[in-house]
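Note sheet for the following structure.
There are 2 protein chains.
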Amino acid sequence: MINKLVSKIRKTGAPVVVGLDPMLAYVPEHILAKAFHEFGETPEGAAEAVWQYNKGIVDAVCDLIPAVKPQIAMYEQFGVPGLQAFQKTVDYCQEKDLVVIGDVKRGDIGSTSAAYAAGHLGKVRIGKSVCSAFHEDFATVNPYLGTDGIKPFVDVCREEKKGIFILVKTSNPSSGEFQDRLIDGRPLYEWVGEKVAEWGSTCMGDSYSYIGAVVGATYPEMGKVLRRIMPKAYILVPGYGAQGGKGADLVHFFNEDGLGAIVNSSRGIIAAYKQEKYAAFGAEGYAEAARAAVKDMTEDIANALSGR
Amino acid sequence: MINKLVSKIRKTGAPVVVGLDPMLAYVPEHILAKAFHEFGETPEGAAEAVWQYNKGIVDAVCDLIPAVKPQIAMYEQFGVPGLQAFQKTVDYCQEKDLVVIGDVKRGDIGSTSAAYAAGHLGKVRIGKSVCSAFHEDFATVNPYLGTDGIKPFVDVCREEKKGIFILVKTSNPSSGEFQDRLIDGRPLYEWVGEKVAEWGSTCMGDSYSYIGAVVGATYPEMGKVLRRIMPKAYILVPGYGAQGGKGADLVHFFNEDGLGAIVNSSRGIIAAYKQEKYAAFGAEGYAEAARAAVKDMTEDIANALSGR
Chain A
125 MINKLVSKIR
135 KTGAPVVVGL
145 DPMLAYVPEH
155 ILAKAFHEFG
165 ETPEGAAEAV
175 WQYNKGIVDA
185 VCDLIPAVKP
195 QIAMYEQFGV
205 PGLQAFQKTV
215 DYCQEKDLVV
225 IGDVKRGDIG
235 STSAAYAAGH
245 LGKVRIGKSV
255 CSAFHEDFAT
265 VNPYLGTDGI
275 KPFVDVCREE
285 KKGIFILVKT
295 SNPSSGEFQD
305 RLIDGRPLYE
315 WVGEKVAEWG
325 STCMGDSYSY
335 IGAVVGATYP
345 EMGKVLRRIM
355 PKAYILVPGY
365 GAQGGKGADL
375 VHFFNEDGLG
385 AIVNSSRGII
395 AAYKQEKYAA
405 FGAEGYAEAA
415 RAAVKDMTED
425 IANALSGR
Chain B
125 MINKLVSKIR
135 KTGAPVVVGL
145 DPMLAYVPEH
155 ILAKAFHEFG
165 ETPEGAAEAV
175 WQYNKGIVDA
185 VCDLIPAVKP
195 QIAMYEQFGV
205 PGLQAFQKTV
215 DYCQEKDLVV
225 IGDVKRGDIG
235 STSAAYAAGH
245 LGKVRIGKSV
255 CSAFHEDFAT
265 VNPYLGTDGI
275 KPFVDVCREE
285 KKGIFILVKT
295 SNPSSGEFQD
305 RLIDGRPLYE
315 WVGEKVAEWG
325 STCMGDSYSY
335 IGAVVGATYP
345 EMGKVLRRIM
355 PKAYILVPGY
365 GAQGGKGADL
375 VHFFNEDGLG
385 AIVNSSRGII
395 AAYKQEKYAA
405 FGAEGYAEAA
415 RAAVKDMTED
425 IANALSGR
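So the sequence lines, in the order shown, correspond to chains A and B.
Quick note: the first sequence uses the working numbering, first residue 125, plus one each step.
Quick note: the second sequence uses the working numbering, first residue 125, plus one each step.
Right under this line is the structure:
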């Protein structure tokens, strides 16, 4: 799957992932009204609204981008109907040949991580049959529990040719509270980055590993160091746009080959119609606004990369 | 909810939580056969088996214990039907007046943690109505992202009078890889423990905080230090039994008042019938075997506490 991701990034020229994090406040009124009319102001209604909203965006941007990243929390908050919408979204994006990164940030002790890995990336045995549950292509994983919480994911990645992105340095303001603390003179995130490189060396694609890392766009200097520590890890970079990261901040996350990083934007794309810049599209044109925002983001990154 | 937990621990005399982590391999043949007959060897069949299995255990032990801890990964691996079984399990346990600790180990950047907190402990607004999704009483939370990933959970706890247990020192073998690394001469888990005490000071119940901690039974010496660092935090202690923790290891997790800790056992209870000690119950008597194992565990802990 890392090979497919790299090949799609090359083909689209867009190291861009659209975050499908559909807060109800982003969903245009006409979609909400229709869903609530049909299912009421219920979790089922919210799930339907989110699904229709996603579908519009995916249809509008799928030829421009290699991948999407649905944030499962935005679906899980609506319970079982929400998770049905998550599953429909994953399936629909795969029909459109997009690589799907499940932003699930799971991670637990070994046997439990194995269940998460099976449910999101692999298969479960039920009696004599074998089923798969959410079947994303990649998942994000939390490293706090160490190797035995990660290994079951790595095993499933190797078997299924899928991938994970491990949280190394997150984009949020307080990420430094623990992640930046110095251990033998070096911040925790560097130690985690070294482990990512080590775990990743056991399952390599053609040029990059199945095991990638999450490093926030909001910390470009740290990205520079981590790029060096994990040369074969694809870096998933959240925090561009609404969280404050700019194109110029991103160059350090890429390798000399122009590859090695994929930049996420969620709100900045899916709720672009709410920005002054794209206001002319109106709420009815939210999907076209998202398309315009994807093009602008791709150009911003290309300019930053060509200018380095 | 922390007050209810403390009061139920006092009433039952059992600082014990039963982990409802239903691996299919634990489910007795007669339950599997019935569920597969009805729903096939499908996620729906697995979910039905898991739910019936749980129900039998809950019916057999609910008068002996204060709380249960369903591990959501074991349900999530079966996709949407699995999560329906999770929800039914949570609801059924609450009908039986058990405190429900959702072992979900979520944690993300602020807005995303807010969605998880709403979905598991709080409410979501959908149009003009207000709904709740999984409504556990407590949830487990991963601290790697720092304060702004935790605060949305704390806010919901304060509002809903619910609680969280934050991973401090986990029970698995490689937990030390990052958690034990020294920062200014003290291990990371102590720094996390101090934050737990700080976050917890902002939402206190009568004698303990809404904000607790997870510390593995497999690390009793560390438990001793953490008990002192977080005197008002309830400690959820996994790792007893199958993972190797013994009653004598547990005394350090408790305060002088005999409170302050609740010990989880999953496999050791719910699959007790597979142990030689309880083999006489047979697979048909799995729930009664679980009841006997709960009694033995409660006695083991009581002996350890009275002997200190």
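Idealized CB from N, CA, C, for every residue including glycine.
- Taking 9 Å as the cut-off, the Cβ atoms of Leu306(A) and Asp304(B) do not count as close.
- Distance from the Cα of Ser237(B) is smallest, within the candidate group Ala138(B), Pro311(B), Val292(B), Phe277(B), for Phe277(B).
- By the rule that beta-carbons nearer than 9 Å mark a contact, Gly226(A) does not touch chain B.
- For Lys179(A), the closest of Ala209(A), Gly251(A), Lys419(A) by C-alpha to C-alpha distance is Ala209(A).
- Nearest neighbour of His259(B) by Cα position, chosen from Gly234(B), Tyr268(B), Lys247(B), turns out to be Lys247(B).
- For Gly365(B) against Gly392(B), the beta-carbon gap comes to about 3 Å, under 8 Å, which counts as contact.
- The beta carbon of Gly368(B) sits closer than 6 Å to the beta carbons of Thr342 from its chain, once the five residues preceding and following it are set aside; these are given in chain order.
- In the structure shown, the three-state DSSP call for Thr422(B) is helix.
- Where Ala337(B) is concerned, the enclosing beta strand (DSSP E) starts and stops at 335-339.
- Residue environment analysis places Ser430(A) among the exposed positions, since fewer than 16 neighbouring C-beta atoms fall within 10 angstroms of its C-beta.
- One thing to note: Gly384(A) has its Cβ within 9 Å of the Cβ of Pro355(A).
- Annotation: Tyr410(A) to Asp183(B) spans about 51 Å, alpha carbon to alpha carbon.
- A direct Cα-Cα distance of roughly 40 Å separates Ala173(A) from Ala321(A).
- At a cut-off of 9 Å between C-beta atoms, Asp308(A) counts as an interface residue with respect to chain B.
- Taking C-beta atoms as the reference points, Leu148(A) and Ala191(A) fail to come closer than 9 Å.
- Assignment of Gln303(A) by DSSP, reduced to helix, strand and coil, places it in the helix class.
- Look at Pro362(A): its C-beta is under 9 Å from a C-beta on chain B.
- Annotation: the continuous beta strand (DSSP E) that includes Cys255(A) extends over 253-255.
- Asp373(B) sits buried, since 16 or more C-beta atoms from the chains shown fall within 10 Å of its C-beta.
- Judged by DSSP in its simplified three-state form, Val280(A) adopts helix.
- Interface flag for Trp323(B) against chain A is unset, since no Cβ pair is found closer than 9 Å.
- Contact between Glu153(B) and Ala407(B) is confirmed by a C-beta separation of about 6 Å, below the 8 Å threshold.
- Against chain B, the beta carbon of Thr294(A) has neighbours under 7 Å at Ile233, Leu269, listed in chain order.
- When secondary structure is reduced to three states using DSSP, Gln399(B) falls in the coil class, being assigned neither helix nor strand.
- Contact check for Gly143(B) against Ser299(B) fails: the beta carbons are separated by 9 Å or more.
- Residues of the segment 175-209 of chain A with a C-beta atom less than 8 Å from some C-beta of chain B are Gln195, Ala197, Met198, Glu200, Gln201, Phe202, Gly203, Val204, Gly206, Leu207, Gln208, listed in chain order.
- The secondary-structure analysis by DSSP pairs Gln195(B) across a beta bridge with Asp227(B).
- Beta-carbon to beta-carbon, Asp232(B) and Leu269(B) are separated by about 7 Å, close enough to satisfy the 8 Å threshold.
- In the DSSP annotation of this structure, the continuous segment of the beta strand (DSSP E) that includes Val141(B) starts and ends at 140-144.
- A straight line joining the alpha-carbon of Phe378(B) with that of Arg351(B) spans about 7 Å.
- In the structure shown, Val361(B) adopts extended strand secondary structure according to DSSP, grouped into three states.
- Not a single CB atom of chain A sits nearer than 9 Å to the CB of His154(B).
- Among the residues facing chain B, Phe258(A) is included, as its CB has a counterpart in that chain under 9 Å away.
- A residue is called buried once 16 or more other Cβ atoms fall within 10 Å of its Cβ, and Glu400(B), having fewer, is exposed.
- Checking the DSSP bridge columns, you'll see Ser389(B) partnered with Val142(B).
- Annotation for Ala173(B): the continuous alpha helix (DSSP H) segment containing it runs 167-185.
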